[in-house]
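These notes are about the structure you will find just below.
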Amino acid sequence: MADAHAAGQTILVVGGGISGLTTAVEAAETGYNVLLVEKDPQLGGRVAQHNKYFPKLCSPVCGLEINFQRIKNNPRIRYLTLSEVEEIQGSEGNYTVRIRKNPRFVTEACTGCGDCAAVCTTEVADPFNFGLNKVKAIRNNHAMAFPSWYYMDPAYAKTDEAKQVAKICPAGAIQPDMEASVIEEQVAAVVWATGWKPYDAEKILPYGFGQYANVTTNMRFERLASVYGPTGGKIIRPSDGKEAKSVAFIQCAGSRDHNYLPFCSRVCCLASMKQATYVRDQYPDSKVTVFYIDLRAMDRYESFLQKTREDANISWIKSKPARIEEDANGNPVVIGENTLTGERYAMPFDLVVLATGMEPHSAVDAKVPSDQASHDEYGFVTGGVLAAGCAAAPTDVASSVQSATAMAMKAIHAAVKRG
Ligand SMILES: Cc1cc2nc3c(=O)[nH]c(=O)nc-3n(C[C@H](O)[C@H](O)[C@H](O)COP(=O)(O)OP(=O)(O)OC[C@H]3O[C@@H](n4cnc5c(N)ncnc54)[C@H](O)[C@@H]3O)c2cc1C
């Protein structure tokens, strides 16, 4: 029955993280055409930046890889990377969408051999690793990235060297003259899966992020612990490369606070517990201290929390630290008062990780009709607009996947109604 309605019906999915991937494969496997639009060079969203998944502590690459295979094998899904929706016109069942495709400067003919990166002499701060290291101006994010074709920084594409590098590509895939283009598509329904971005820790002035090298954030810590990250997975201090064996996590850094992000992002406690295991697994003689207001482990994740609490080398201090200072050895010193004992503390660590929360992308930057333009006070998509995963609210991967599947069904329903 779906196929009868599906003829000519396309569902637009904006955002290629785990939620957008899920909506895309669920809708396509039901018989609908899907156009998946992602602004970054590769699919996977934030999950691709995680080192491990809680609660099982497996690699996120596995979960993503299954979806990449389903996309590769399904001719109903078209995906565009480095692309953004500029404008949507029309109404449910009959939208016209204008999409801007930014140049990648490398075509699908790329085999990923890496000859170009080997001769490229220009390095740039690596956005995938939050600028923690430098990478070649023509590159791939990591060995498992999808699509696996390389891409080139736009500024580098204009250089003479880029033209020389293009000549050595055995597949003839490099095109420094590639230009942006705008395409128009007809779609029956739109699902926003634009996800989240980390809260800007520099706004939390008392914690000195950006000022003290050894104060980092939870997402940077994911990259620090990853074998594809800036240190090949070695957890060391950015200031001097010393092994970080004494690590503090500050929960609700900038969250549940009307000066910053007023809401709870639901996953930060679990993320810190997961990250505590990165430290403990890497250095058996390490000590971890978690500063918390209260610990939030949703539903079945409670057992994950309890398991972490069984480790005697992880200490828990109920307190929202007042500030961080730096001592003469470059150690960040966490200062505050223990809420349970009333004791004041000033504790030095090798590294402090701020558990910062999740903000929505300004999902609907594009010009959209009124039926696509509903947001709550924080910018999460709401109302009758179809939103999957963290575009609608901060949450974990399992809940994102559930909501993404539901959104595929709602999008199909919208297409069937008008089809
Ligand atoms: C420190 C930390 C650790 C975490 N660890 C875990 C964990 O171990 N287990 C777990 O279950 N959850 C974890 N999470 C939560 C997890 O990251 C989210 O559940 C997941 O990323 C949600 O996926 P998403 O697709 O909704 O959003 P995203 O991953 O943010 O993907 C959104 C995609 O949309 C793209 N996009 C954005 N705007 C546009 C636009 N205008 N046009 C086109 N594309 C756009 C983005 O580039 C991105 O690719 C963690 C969160 C944090 C903060």
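Under the numbering used here, the letters of the sequence shown match residues 4 to 422, in that order.
Where a beta carbon is used, it is the ideal one built from N, C-alpha and C, also for glycine.
Asked: The stretch 252-263 touching the stretch 229-241, judged by at least three CB pairs closer than 8 Å; Found: no
Asked: Heavy atom of ligand 1 within 7 Å of Glu87 beta-carbon; Found: yes
Asked: beta-carbon Phe133 near ligand 1 non-hydrogen atom, thresh 7 Å; Found: no
Asked: Nonlocal neighbours in the same chain, by C-beta distance under 6 Å from Pro209, ignoring five residues either side; Found: Arg326
Asked: Distance, Tyr286 Cα to Asn143 Cα; Found: 30 Å
Asked: Proximal residues to Ala432 (C-beta, below 6 Å), its chain only, five neighbours per side dropped; Found: Lying outside 4 to 422, the shown extent of the chain, residue 432 is not represented and no answer is given.
Asked: Strand pairing of Arg73, partner residues [DSSP]; Found: DSSP lists no partner for Arg73.
Asked: Cβ-heavy atom distance, Ile434 to ligand 1, below 7 Å; Found: Residue 434 lies beyond the residue range present for the chain, which begins at 4 and ends at 422; the question has no answer from this structure.
Asked: Asn221 beta carbon near ligand 1 (any heavy atom closer than 7 Å); Found: yes
Asked: Range of the contiguous beta strand (DSSP E) that encloses Met361; Found: Met361 to Pro363
Asked: The stretch 184-192 touching the stretch 95-102, judged by at least three CB pairs closer than 8 Å; Found: yes
Asked: Leu354 versus Leu60 - alpha carbon distance; Found: 22 Å
Asked: C-beta contact flag for Asn341 and Ser322 at 8 Å; Found: yes
Asked: Bridge partners - Cys255, DSSP secondary structure assignment; Found: Bridge partners of Cys255: none, in fact.
Asked: Cβ neighbour criterion (16 or more within 10 Å) applied to Pro173; Found: exposed
Asked: Exposed unless 16 or more other CB atoms sit within 10 angstroms - verdict on Gly185; Found: Before going further, note that residue 185 is Val rather than Gly in the sequence given. Exposed.
Asked: Residue burial classification, His416 (beta-carbon count within 10 angstroms, cutoff 16); Found: exposed
Asked: Arg49 beta carbon near ligand 1 (any heavy atom closer than 7 Å); Found: yes
Asked: Any non-hydrogen atom of ligand 1 closer than 7 Å to Asp43 Cβ; Found: yes
Asked: The beta strand (DSSP E) enclosing Ala92, as first and last residue numbers; Found: The sequence given here places Gln at residue 92; Ala does not occur at that position. Its beta strand (DSSP E) spans residues Ser86 to Ser94.
Asked: Residue burial classification, Met412 (beta-carbon count within 10 angstroms, cutoff 16); Found: exposed
Asked: Residue environment, Lys248, which counts as buried when at least 16 other CB atoms sit within 10 Å; Found: buried
Asked: Start and end residues, beta strand (DSSP E) containing Glu346; Found: Unbroken run through Glu346: none, as it is neither H nor E.
Asked: Trp199 beta carbon near ligand 1 (any heavy atom closer than 7 Å); Found: yes
Asked: Distance CB(Pro363)-CB(Ala394) smaller than 8 Å; Found: yes
Asked: Nonlocal neighbours in the same chain, by C-beta distance under 6 Å from Ala274, ignoring five residues either side; Found: Asn221
Asked: Reference Gln52, options Phe149, Thr114 and Thr33, closest by Cα; Found: Phe149
Asked: Residues near Ala7 in its chain [Cβ-Cβ closer than 8 Å; skip 5 each side]; Found: Confidence at Ala7 is low in this model, with a pLDDT of 42, below 50, so its placement is unreliable and no value can be given for it.
Asked: Residue nearest to Val16 in terms of C-alpha spacing, selected from Glu328, Gly198, Ser242 and Trp319; Found: Gly198
Asked: Own chain residues within Cβ distance below 8 Å of Leu308, not counting five before or after; Found: Cys272, Leu273, Met276, Leu298 and Ala300
Asked: Ile238 (DSSP reduced to helix, strand or coil); Found: coil
Asked: Boundaries (first-last residue) of the beta strand (DSSP E) holding Arg109; Found: Here the sequence assigns Val to residue 109, which means Arg is not the residue at that position. From DSSP, Val109 is part of no beta strand (DSSP E); its letter is neither H nor E.
Asked: Proximity test, Cys271 beta-carbon vs ligand 1 heavy atom, cut-off 7 Å; Found: yes
Asked: Whole-angstrom distance between Ile102 and Asp314, CA atom to CA atom; Found: 51 Å
Asked: The stretch 162-169 / the stretch 107-123 touching (three or more Cβ pairs under 8 Å); Found: yes
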